[in-house]
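Below: one structure, written as structure tokens.
Number of protein chains: 4
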Amino acid sequence: MARYKKTEEKKSHLLYAAFQALSDLGYDAVTLQIISDYAKVSKGVAHYYFENKEAIFIELLTWLTDKIFKKESSSIALEEKAIPKLQSYIRSVFISPEENRKFYRVYLDFLAKASRNSVYREINQRFYDNCSQIGSEIITIGQKEGVFNPHLSPKEASREIRAIIDGYLIQWLMMDEDQLHDIYHEGCLASILKILK
Amino acid sequence: MARYKKTEEKKSHLLYAAFQALSDLGYDAVTLQIISDYAKVSKGVAHYYFENKEAIFIELLTWLTDKIFKKESSSIALEEKAIPKLQSYIRSVFISPEENRKFYRVYLDFLAKASRNSVYREINQRFYDNCSQIGSEIITIGQKEGVFNPHLSPKEASREIRAIIDGYLIQWLMMDEDQLHDIYHEGCLASILKILK
Amino acid sequence: MARYKKTEEKKSHLLYAAFQALSDLGYDAVTLQIISDYAKVSKGVAHYYFENKEAIFIELLTWLTDKIFKKESSSIALEEKAIPKLQSYIRSVFISPEENRKFYRVYLDFLAKASRNSVYREINQRFYDNCSQIGSEIITIGQKEGVFNPHLSPKEASREIRAIIDGYLIQWLMMDEDQLHDIYHEGCLASILKILK
Amino acid sequence: MARYKKTEEKKSHLLYAAFQALSDLGYDAVTLQIISDYAKVSKGVAHYYFENKEAIFIELLTWLTDKIFKKESSSIALEEKAIPKLQSYIRSVFISPEENRKFYRVYLDFLAKASRNSVYREINQRFYDNCSQIGSEIITIGQKEGVFNPHLSPKEASREIRAIIDGYLIQWLMMDEDQLHDIYHEGCLASILKILK
DNA sequence: CATGAATGAGGATTCATTCAT
DNA sequence: TATGAATGAATCCTCATTCAT
Chain A
1 MARYKKTEEK
11 KSHLLYAAFQ
21 ALSDLGYDAV
31 TLQIISDYAK
41 VSKGVAHYYF
51 ENKEAIFIEL
61 LTWLTDKIFK
71 KESSSIALEE
81 KAIPKLQSYI
91 RSVFISPEEN
101 RKFYRVYLDF
111 LAKASRNSVY
121 REINQRFYDN
131 CSQIGSEIIT
141 IGQKEGVFNP
151 HLSPKEASRE
161 IRAIIDGYLI
171 QWLMMDEDQL
181 HDIYHEGCLA
191 SILKILK
Chain B
1 MARYKKTEEK
11 KSHLLYAAFQ
21 ALSDLGYDAV
31 TLQIISDYAK
41 VSKGVAHYYF
51 ENKEAIFIEL
61 LTWLTDKIFK
71 KESSSIALEE
81 KAIPKLQSYI
91 RSVFISPEEN
101 RKFYRVYLDF
111 LAKASRNSVY
121 REINQRFYDN
131 CSQIGSEIIT
141 IGQKEGVFNP
151 HLSPKEASRE
161 IRAIIDGYLI
171 QWLMMDEDQL
181 HDIYHEGCLA
191 SILKILK
Chain C
1 MARYKKTEEK
11 KSHLLYAAFQ
21 ALSDLGYDAV
31 TLQIISDYAK
41 VSKGVAHYYF
51 ENKEAIFIEL
61 LTWLTDKIFK
71 KESSSIALEE
81 KAIPKLQSYI
91 RSVFISPEEN
101 RKFYRVYLDF
111 LAKASRNSVY
121 REINQRFYDN
131 CSQIGSEIIT
141 IGQKEGVFNP
151 HLSPKEASRE
161 IRAIIDGYLI
171 QWLMMDEDQL
181 HDIYHEGCLA
191 SILKILK
Chain D
1 MARYKKTEEK
11 KSHLLYAAFQ
21 ALSDLGYDAV
31 TLQIISDYAK
41 VSKGVAHYYF
51 ENKEAIFIEL
61 LTWLTDKIFK
71 KESSSIALEE
81 KAIPKLQSYI
91 RSVFISPEEN
101 RKFYRVYLDF
111 LAKASRNSVY
121 REINQRFYDN
131 CSQIGSEIIT
141 IGQKEGVFNP
151 HLSPKEASRE
161 IRAIIDGYLI
171 QWLMMDEDQL
181 HDIYHEGCLA
191 SILKILK
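Chains as they are written, first to last, in UniProt numbering: chain A, 1 to 197; chain B, 1 to 197; chain C, 1 to 197; chain D, 1 to 197.
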């Protein structure tokens, strides 16, 4: 089984290289040569591990959104109550200016693609669904605790949470000022709380 | 006796063709040939009117965001009071599934580029600033009327409005279901109202 | 007849513009647009007066070599004796660093073309023949005066004169130092004198 | 079992193809497709081995002038005395009508470019310097032997030798008659001898 | 005559993909 | 497995030429 593992490691290595390259340079500037350079392997390797260029990006989106989801998921597990859970969730989303910039640049590339390509859209949908579960869980708990509006539909409200998170982080990305990160973090949390109450 | 169209008309014609092509096909699939085909002119024309491909997209983003802003701007002028103004604003943003899809696909492409390219970012910033003026005006009026929270900073809150609008519409775009358009419209308006109150 | 004259004037104007452009930019960088810009006329004019781009250059070479020949021709008419005639000839060839640079840049472009294209070659041949006449005249006079070797074939020796002139001026051009102009001038004259004696 | 040719071999192969194409067709008619066709490789290969078209020509001029210099250099090594050395040098320059035509066509293209472009000019300067060394060596020996004018500056005179060689060969090229090759060869040698004595 | 908008062929360049080693 | 040489389709861009006004 060592073989298989090695292969998976190599793939992850390539995906991470693709992620870095994509974040730095953007979709249309990234070539397989550049990804290979980032990964410090030869150009042939990328083709050995992936069917074609598209496949790399498909897998990258899957890999990325899974990683994000796992991080978010574990972050809410640390808390018991709804509001701390929500705070922890938002905190895990607003990791740091560097991480958010790196991820959202790439994520915007993917959203742009997803708006026309159903393969990307479905992967994103899975991510949305996962996020929705997190949100629903928090909301349901909060409703039981009596801290959130009991008339809210957890499913709908959790989608709204994600919409607001993305809206805030995209706008923060466009402002291009690291010191605004905290302000957007707080603003985002405050807005979500207002909506849930 | 059809005279030659004036230069500016032709440029707009090409920009609209570029917009359509971009919306249909996405950034990396759009070639100058395709834009020319959409505009039903020869390939050389695009180069005659624009320095290069990049210039077309730069001008397109400017043209598009200006157009959107004008539409939004005139929509709020129709109302006197804050809440109807806000409703009118949001209504002008959520025009129709077709229009929103067409615009947001292209806008996502531009946001992705703007995240790495300051030229695009500055154009988008101008758009944000314009939207912010609209928001500020509504909020200030609402605060005078006593319908909005008087402690809100109009400038900050107006940015939050835009973030929420974009967040909702991007998510709607990803859901790829036209009938959700109304629901997202209402949801967006409701969320903004909650935040402003 | 005024019409005709005006046309010829305009053509000369365009040819001079082409000469300037060619000297500044070189064959492959010169476009009809550039020539038109140098002549401060619209692009269409160049096509109105000349069949096509090639025709401009053909006529330019003719015009240029005629102009040079006339200048050389009139310069030797000023003197009576062989050696002063020769000196005057060489002086008229080594006009100034600026003029020589301008001419020889263009002339090299034409020689390069002439080496493969018989149309250019024939025009140059006419120039060579004209120069040969000048040389022959000087040599014949010098032989009568007893200052030149009587066994020289005026025809052959005059070709050698031209070869040496071109050789020196091309090398001077490559040295790219204006102050060497006088030295090459003297060296050229001295070499020719040695050959003729 | 033919191994892949080494990179340097392939580059030389391409340079030779470029040389042939350039000689046949001239600077502005040579495309990368044509060079590739001459080399019997695909279009992409030229870009694989060279940064761009310009780089091919830069390297070609370097390669060509080096080759010429080596040939000239070894030709004078065969003789001991000044005049035989000079004869051998001139003989190596006037190789054959075919070779001279092929080289001087290309060389004229480069001289034309060099007159405006310092990169080409510097490469040519290196060639001139190399030729100058050959000439200086011959002249110095001849002065010691007492067969050349002792007052000549070897450096200057050697430049004059090169000017005369180029002047003669360019003129021969323009005459476009192979049978004149010998006559120009002899004429060139005779002229140089007159200048050195 | 003059203008400059429009055309489209042609060329440099890029890059995903293939494949021999 | 891994490499990187080779391929050629695809694309941006240039520019001579045409032609309506």
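All C-beta atoms, glycine included, are put in the ideal place defined by N, C-alpha and C.
Are any of the Cβ atoms in chain A nearer than 9 Å to that of N130(B)?
The residue labelled residue 130(B) in the question sits at position 130 within the second sequence. With 9 Å as the cut-off, N130(B) does not count as an interface residue toward chain A.
Taking only beta carbons into account, state which residues of the stretch 173-189 of chain A come closer than 9 Å to chain B, listed in chain order.
Under the 9 Å Cβ criterion, the stretch 173-189 of chain A contributes L173, M174, M175, D176, I183, Y184, G187, C188.
Pull out every residue of the stretch 150-174 of chain D whose Cβ sits closer than 8 Å to any Cβ of chain C, in chain order.
Those would be E156, R159, E160, R162, A163, I164, I165, D166, G167, Y168, I170, Q171, L173, M174, in chain order.
Closer than 8 Å is the cut-off here; do at least three beta carbon pairs connect the stretch 108-125 of chain A with the stretch 7-27 of chain B?
Cβ pair count under 8 Å is three or more, so yes.
Does R126(C) get closer than 9 Å to chain D when you measure Cβ to Cβ?
As a first step, residue 126(C) must be located in the third sequence, where it is residue number 126. For R126(C), the answer is no, since every Cβ of chain D falls outside 9 Å of its Cβ.
Residue burial classification, L86(D) (beta-carbon count within 10 angstroms, cutoff 16)
Along the fourth sequence, one-based indexing puts residue 86(D) at 86. L86(D) comes out buried.
Within chain C, the residues that R91(D) reaches when beta carbons sit closer than 9 Å
Counting from one through the fourth sequence, the residue named residue 91(D) turns up at place 91. In chain C, no part has a C-beta under 9 Å from the C-beta of R91(D); the shortest such distance is about 18 Å.
Less than 8 Å between C-beta atoms, sequence neighbours within five positions excluded: which residues of the same chain meet that for I90(A)?
Reading the first sequence from its first residue, position 90 is the one you call residue 90(A). If we look at I90(A) and ignore the five residues flanking it on each side, its Cβ neighbours are I165, H185, C188, L189, I192.
When you compare only the Cα positions, how much space is there between T62(B) and F110(B)?
Position 62 of the second sequence, counted from the first residue, corresponds to residue 62(B). Position 110 of the second sequence, counted from the first residue, corresponds to residue 110(B). One C-alpha to the other measures close to 11 Å.
Where D176(A) sits in the DSSP three-state scheme
Here residue 176(A) refers to the residue found at position 176 when the first sequence is read from its first residue. In the displayed model, D176(A) falls within coil according to three-state DSSP, outside both helix and strand.
Three-state secondary structure (DSSP) of L132(C):
Mapped onto the third sequence, residue 132(C) falls at position 132. Correcting the residue type first, residue 132(C) is Ser in the shown sequence and not Leu. S132(C) falls in the helix class under three-state DSSP.
Give the residues of chain A in contact with A46(B), contact being defined as C-beta atoms less than 8 Å apart.
Residue mapping note: residue 46(B) aligns to position 46 of the second sequence, counting from 1. Neighbours of A46(B) across chain A, judged by C-beta separation under 8 Å, do not exist; the nearest C-beta is about 18 Å away.
Please state whether DSSP places A65(C) in a helix, a strand or coil.
As a working mapping, residue 65(C) is identified with position 65 in the third sequence. Contrary to the premise, residue 65(C) reads as Thr rather than Ala in this sequence. Helix.
So which of E9(D), T7(D), Q33(D), Y38(D) has the shortest CA-CA distance to F19(D)?
Residue 19(D) sits at position 19 when you count from the first residue of the fourth sequence. The closest CA to that of F19(D), considering only E9(D), T7(D), Q33(D), Y38(D), is found on Y38(D).
Assigned secondary structure, L78(C) (DSSP; H/G/I helix, E/B strand, else coil):
To locate residue 78(C), count along the third sequence from 1; it is residue 78. In the structure shown, L78(C) sits in coil (DSSP, three-state: anything other than H, G, I, E or B).
If the criterion is Cβ atoms closer than 9 Å, does the pair R159(D) and Q171(C) meet it?
Start at 1 with the first residue of the fourth sequence, and residue 159(D) comes out as number 159. Start at 1 with the first residue of the third sequence, and residue 171(C) comes out as number 171. The answer is yes: Cβ separation under 9 Å.
In whole angstroms, give me the CA-to-CA distance for S92(C) and S42(D).
Position 92 of the third sequence, counted from the first residue, corresponds to residue 92(C). Position 42 of the fourth sequence, counted from the first residue, corresponds to residue 42(D). Spanning the two alpha carbons is a distance of roughly 52 Å.
Nearest neighbour of K194(C), chosen from I83(C), E98(C), D28(C) [CA to CA]
Locating residue 194(C) in the third sequence gives position 194, counting from the first residue. When only C-alpha atoms are compared, the closest one is I83(C).
Per-residue contacts from I195(B) into chain A (C-beta, under 9 Å):
Residue 195(B) sits at position 195 when you count from the first residue of the second sequence. Simply A190, S191, K194, I195.
Cutoff 7 Å; reference S73(A); Cβ partners in own chain excluding five residues on either side:
Looking up residue 73(A) in the first sequence gives position 73. Taking S73(A) as the centre and dropping the five residues before and after it, the same chain places the C-beta of I134 closer than 7 Å to its C-beta, in chain order.
To the nearest angstrom, how far is the alpha carbon of V106(B) from that of A55(A)?
In the second sequence, the residue the question calls residue 106(B) occupies position 106. In the first sequence, the residue the question calls residue 55(A) occupies position 55. So the two alpha carbons sit approximately 23 Å from each other.
Can you list, in chain order, the residues of its chain with a C-beta nearer than 7 Å to that of V119(B)? Leave out the 5 residues immediately preceding and following it.
For the purposes of this step, residue 119(B) is taken as residue 119 along the second sequence, with counting starting at 1. Apart from sequence neighbours up to five positions away, the residues of its chain that approach V119(B) with a beta-carbon distance below 7 Å are I58, ordered along the chain.
Would you kindly check if the distance between the Cβ of T65(D) and the Cβ of R121(D) is under 9 Å?
Residue numbering aside, residue 121(D) sits at position 121 when the fourth sequence is read from its first letter. Residue numbering aside, residue 65(D) sits at position 65 when the fourth sequence is read from its first letter. Remark: C-beta atoms of R121(D) and T65(D) do not approach each other more closely than 9 Å.
Any heavy atom of the ligand FMN closer than 8 Å to the CB of E98(D)?
No copy of the ligand FMN appears in this structure; indeed no ligand is present at all.
Under 9 Å, Cβ to Cβ, is there at least one residue of chain D near A112(C)?
Within the third sequence, residue 112(C) is the residue found at index 112, counting from 1. With 9 Å as the cut-off, A112(C) counts as an interface residue toward chain D.
Does the separation of the CB atoms of I161(B) and C131(B) fall below 9 Å?
Looking up residue 161(B) in the second sequence gives position 161. Looking up residue 131(B) in the second sequence gives position 131. Yes. Within cutoff.
Mark P154(B) as exposed unless 16 or more other C-beta atoms lie within 10 angstroms of its C-beta, in which case mark it buried.
Numbered from its first residue, the second sequence carries residue 154(B) at position 154. Buried is the call here.
Among the candidates Q143(C), K70(C), M174(C), whose CA atom is the shortest distance from the CA of L108(D)?
As a working note, residue 108(D) is residue 108 in the fourth sequence. Looking at the Cα atoms, M174(C) is the closest of the given residues.
For the alpha helix (DSSP H) containing K40(C), list its first residue and its last residue.
Within the third sequence, the letter at position 40 stands for residue 40(C). The continuous stretches of alpha helix (DSSP H) do not include K40(C), and DSSP gives it neither H nor E.
Helix, strand or coil at E51(A) according to DSSP, with G and I counted as helix
Residue numbering aside, residue 51(A) sits at position 51 when the first sequence is read from its first letter. The answer is coil: DSSP assigns E51(A) none of H, G, I, E or B.
In chain order, what residues of the same chain lie with their CB nearer than 7 Å to the CB of Y104(B), ignoring the 5 residues before and after it?
For the purposes of this step, residue 104(B) is taken as residue 104 along the second sequence, with counting starting at 1. Excluding sequence neighbours, Y104(B) sits near L169, I170, L173.
What do you get for H181(B), buried or exposed, if any count of 16 or more other CB atoms within 10 angstroms of its CB means buried?
Indexing the second sequence from 1 puts residue 181(B) at position 181. That one is buried.
Chain D beta carbons: is any one of them nearer than 9 Å to that of S136(C)?
Stepping through the third sequence from its first residue, residue 136(C) is reached at position 136. No, no contact with chain D.
Beta-carbon neighbours of L61(D), restricted to chain C and to distances below 7 Å
Position 61 of the fourth sequence, counted from the start, is the residue given in the question as residue 61(D). None at all; the shortest Cβ gap to chain C is about 12 Å.
Mind listing the chain C neighbours of Y27(D)? Cutoff is C-beta to C-beta under 8 Å, in chain order.
Position 27 of the fourth sequence, counted from the start, is the residue given in the question as residue 27(D). Scanning chain C for C-beta atoms nearer than 8 Å to the C-beta of Y27(D) yields Y27, D28, A112, reported in chain order.
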